[in-house]
Amino acid sequence: MIREQEDIIIQTVCRILIPFMQVYGLYVLAHGHGSPGGGFQGGCIFAASFILMPIAYDLNKVKRRFAEKRTILLCSLGVFIYAGIGWLCLLLGGNFLDYGTLSAILPVDPVMARYYGIAAIETGVQITVMAVMVSIFINLVTGGSHEEEMQKTHD
Amino acid sequence: MKKLLGVAIAIAALMVLLQGVEDLPPWGDPDQPASLHVSPRYIEKGLAETGVPNMVTAVLADYRGYDTLFETAVIFTAGVAVLMLLRRVAP
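Heads up: the sequence lines are chains A and B, in that order.
Per the numbering used here, residue 32 is the first one in the first sequence, and the count goes up by one each step.
Per the numbering used here, residue 14 is the first one in the second sequence, and the count goes up by one each step.
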């Protein structure tokens, strides 16, 4: 996209790197409980792998995975998961975002229910951050047209 | 003349702010009000109350859940704002 011709070295390195980045993004999310990490950081790492893809290949590769409609849906889905868990706690008789009450529908005690509630909202945060980062990147880099403008030597 | 006035106002504001800094407790003082209010509760009971070994996550997602919810909403709003400003659909 930013070069006039494709580079086999960059493409190969990215092809090796991107799966590991995605696994690492999920690792950071899953380890938000025990070590530094969480939804914001994990989402950024996950989004970085999708931003690396158009840099190495072309934008269509990402657009095939992130149809615009789906990206916007994912943006709101994360916030929906977060707020939905808050409302679920409310419906189960606790305060808003009082995860302890989730033990009524989960087979665990209230303290572990808080643990799983936090894991669920972190997942929501990760989805929103990832989708927003990708959406902003695609919009900025194409000037809002979502079409690649530079001509390529081969495709 | 205008420039000099601006510099004078900036220096006056600096003096006022520095006077405020004098009253702050020493850096890292364990007896300062900020360390005595809710921090001991988070440190002592965080694991028992939330089941999360990471104190930062316990505060971020549990004790300050509202804050993080609207942080996420802010990121969502940023994404929607960029979309509204930049997205051009071909006619």
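Glycine included, each C-beta is placed from N, C-alpha and C at the ideal position.
Beta-carbon proximity of residue i to residue j, cut-off 8 angstroms
| i | j | result |
| --- | --- | --- |
| Glu-179 of chain A | Asp-89 of chain A | yes |
| Cys-106 of chain A | Gly-92 of chain B | yes |
| Lys-188 of chain A | Met-84 of chain A | Residue 188 of chain A cannot be examined here, being either before or after the span of chain A that is shown, 32 to 186. |
| Leu-99 of chain B | Asn-170 of chain A | yes |
| Pro-53 of chain B | Gln-45 of chain B | no |
| Val-110 of chain A | Thr-70 of chain B | no |
C-beta neighbour in chain B for residue i, strict 8 angstroms
| i | result |
| --- | --- |
| Glu-153 of chain A | yes |
| Tyr-58 of chain A | no |
| Ser-134 of chain A | no |
| Met-29 of chain A | As shown, chain A starts at 32 and ends at 186. That puts residue 29 of chain A outside it, with no answer to give. |
| Gly-124 of chain A | no |
Below-8 angstroms beta-carbon distance, residue i vs any chain A residue
| i | result |
| --- | --- |
| Arg-100 of chain B | yes |
| Val-95 of chain B | yes |
| Gly-64 of chain B | yes |
| Ile-22 of chain B | no |
| Ala-75 of chain B | The question names Ala, but residue 75 of chain B in the sequence shown is Asp. Yes - at least one Cβ of chain A is within 8 angstroms of the one on Asp-75 of chain B. |
| Gly-92 of chain B | yes |
| Gly-78 of chain B | yes |
| Leu-30 of chain B | no |
| Ile-88 of chain B | yes |
| Leu-27 of chain B | no |
| Arg-82 of chain B | The sequence given here has Leu at residue 82 of chain B, not Arg. Taking Cβ atoms only, chain A reaches closer than 8 angstroms to Leu-82 of chain B, which makes this a yes. |
Same chain, Cβ closer than 8 angstroms to residue i, neighbours up to 5 away in sequence not counted
| i | result |
| --- | --- |
| Phe-89 of chain B | none |
| Met-28 of chain B | none |
| Val-72 of chain B | Tyr-55 and Gly-59 |
Contacts around residue i, its chain only, beta-carbon distance under 6 angstroms, and the 5 residues preceding and following it disregarded
| i | result |
| --- | --- |
| Gly-74 of chain A | Gln-157, Val-160 and Met-161 |
| Tyr-113 of chain A | Ile-152 and Gly-155 |
| Ala-78 of chain A | Met-161, Met-164 and Val-165 |
Cut-off 7 angstroms between Cβ atoms - residues of its own chain near residue i, not counting five sequence neighbours on either side
| i | result |
| --- | --- |
| Gly-125 of chain A | Gly-131 and Thr-132 |
Is the number of C-beta pairs between the stretch 117-133 of chain A and the stretch 59-69 of chain A that are closer than 8 angstroms three or more?
Between the stretch 117-133 of chain A and the stretch 59-69 of chain A there are fewer than three inter-stretch CB-CB distances shorter than 8 angstroms, so the stretches are not counted as touching.
* Asked: With a cut-off of 8 angstroms, do at least 3 Cβ pairs link the stretch 137-155 of chain A to the stretch 64-74 of chain B?
  -> Three or more Cβ pairs drawn from the stretch 137-155 of chain A and the stretch 64-74 of chain B lie within less than 8 angstroms of each other, which places the two stretches in contact.
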